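J.: Position one of the sequence shown corresponds to residue 470 (my numbering), numbered consecutively onward. Provided herewith is a single structure, encoded as structure tokens, for subsequent inquiry.
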Amino acid sequence: MKVVAKPRTLRADAERNRRRVLEVAEHAFATEGLAVPIDEVARRSGLGIGTVYR
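Laid out in structure tokens, this is it:
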């Protein structure tokens, strides 16, 4: 029997955080280049560094 994993759905706050990180990162990388540190993306998005890495 083949086991198929169900797609994982994110909690509402996790989805909101994910969208915020992607929005901030996209803007930072587009305007300043890829040298923007991830901790700076976290700071600008108002989230902890652990949340960004998750």
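Each residue gets a CB set at the ideal place from its N, CA and C atoms; glycine is no exception. This structure is a prediction, so every number in the text was calculated from the model and none was measured.
Between which two residues does the alpha helix (DSSP H) containing Gly519 stretch?
T.: 518 to 522 is the span of the alpha helix (DSSP H), which, as asked, contains Gly519.
J.: DSSP three-state call for Leu491: helix, strand or coil?
T.: Here Leu491 sits in helix by DSSP.
J.: Tell me the residue span of the alpha helix (DSSP H) that contains Ala468.
T.: No answer is possible for residue 468: the residues shown for the chain start at 470 and end at 523.
J.: Return yes when the Cβ of Val505 is within less than 7 Å of the Cβ of Ala497, no when it is not.
T.: For Ala497 and Val505, yes; Cβs fall inside 7 Å.
J.: Within 10 angstroms of its Cβ, does Val493 collect 16 or more other Cβ (buried), or is it exposed?
T.: Label assigned to Val493: buried.
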